[in-house]
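I have placed the structure first, in the form of structure tokens, so that the comments after it can refer back to it.
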Amino acid sequence: MLNLLYLIPFFLPMSLRAEVAAVEEEAKRVKPKANIGFFDSSVCEVTKGCLTKPKGCTPHQNCAYALSYVADNERVYFELLGQVAANTNAYVALGFSDDGLMGGDTVTDCSSLKGEHFVARLSYNPGKSNRQAPLDDNATAQILHTHFAKHSDGTLYCRFSQLIVPPASVQAQFVRPLNMSTHILMSSGVTHSKGLLIHSLNVDSPLFPFSSEGPVPLTKFQLSSDSAWLRTDRVDELSHLLSSANNSTQQPHGAVAEAVHTVAGAEAVHTPAVAEAVPAAASDVSATQGLLVKAHGE
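With mature numbering (1 follows the signal peptide of the UniProt record, and there is no 0) as the guide, the letters of the sequence shown map in order to residues -18 to -1, 1 to 280.
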């Protein structure tokens, strides 16, 4: 692991360097195996549940769709992967259905609208259409956290977590509880400025939507203390450190992105505090922002 103290001594005050070192040491302690940024199918049905199309395919190689799920007492943690035809303004969607058919479903999608970063969003299917869930920002932020999102070589891969039991004020037709087994749907397509457009209707296409053979118990597999998901817990601490140094321009901000990459252990992470830590005058700010995707939905 690259030592952060070699990356940031010029723009981080002495009073914070010890804290950087502490974060780095903690990151080493919780560091899981490589490839956390990608779907690891070797532990499917061992430490996490998995669904793929076609069955038995290898994610990032020959899967049209792939899903993994693992839960703790409050949230289900998902990995969702799908082939998409566009580099931006695209989506891969996860539907929770009573019968395995589209209509009356709640949906969590990973999407890009108007050329923005890919993030997880809540929507629902009234009949054969899709609409964004009518929730305020506070409710959405409480229910759904985006942890990681990356588009590469025609594949969109997202990690996000969702409350098992939504707040009592949220109607089940918009966000259903995840503590009951449910049929799983997966689809992909392109977006317009306000949401998702129709998925493939060609039954012979690899991108025709996936429907599980039966109800899936999303809380069957429990999150372990050494889970790869723990790696993202370091992001908030790094955001604090970087925002404390937001008046400095002595160090290239590519180093900031590299520092986040090193300790958080993902290819790209982003919180508002990190964004604020990048001065607008930096020559490589556009490149740095291009590396950042939203984490935790905060």
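By construction, the Cβ of each residue, glycine as well, lies at the ideal position given by its N, Cα and C atoms.
Taking all protein chains in view, the Cβ of threonine 40 is surrounded by fewer than 16 other Cβ atoms within 10 Å, so the residue is classified as exposed. For asparagine 107, the uninterrupted beta strand (DSSP E) segment begins and ends at 101 to 107.
Secondary structure note for threonine 173: its beta strand (DSSP E) is the uninterrupted segment 165 to 174. In the structure shown, the three-state DSSP call for aspartate 91 is strand. Relative to alanine 123, the option among Ser134, Asn107, Ala102, Asn55 whose CA is nearest is Ala102. Residue range 119 to 125 is occupied by the alpha helix (DSSP H) that includes alanine 123. Per DSSP, reduced to three states, the secondary structure at serine 206 is coil, with no helix or strand assignment. Contact between serine 94 and alanine 72 holds, since their C-beta atoms are separated by about 6 Å, short of 8 Å. Pairing alanine 131 with histidine 99 gives a Cβ-Cβ distance under 9 Å.
Taking 9 Å as the cut-off, the beta carbon of aspartate 91 is found no closer than this to the beta carbon of phenylalanine 78. Classified as exposed, serine 175 has fewer than 16 neighbouring CB atoms from the shown chains inside 10 Å of its CB. Note: alanine 131 is bridge-paired with Cys140 in the DSSP secondary-structure output.
The stretch 131 to 143 makes no contact with the stretch 155 to 166; the number of CB pairs closer than 8 Å stays below 3. In terms of CA proximity to aspartate 81, Val198 leads the group Ser134, Glu27, Val198, Lys202. Beta-carbon to beta-carbon, valine 89 and asparagine 112 are separated by about 6 Å, close enough to satisfy the 8 Å threshold. The C-alpha of phenylalanine 60 lies about 11 Å from the C-alpha of leucine 33.
Glycine 31 and glycine 97 have their alpha carbons spaced roughly 32 Å apart. Looking at the backbone, the Cα of leucine 160 and that of glycine 196 are separated by about 15 Å.
For the pair tyrosine 47 and valine 28, the CB atoms are not nearer than the 9 Å cut-off. Leucine 126 is not a Cβ neighbour of valine 152, given a cutoff of 9 Å. Taking all protein chains shown into account, glycine 85 has fewer than 16 neighbouring C-beta atoms within 10 Å of its C-beta and is therefore exposed. A Cβ-Cβ separation of about 4 Å places phenylalanine 192 in contact with lysine 35 under the 8 Å criterion. With a 10 Å radius around the Cβ and a threshold of 16 neighbouring Cβ atoms, serine 187 comes out exposed.
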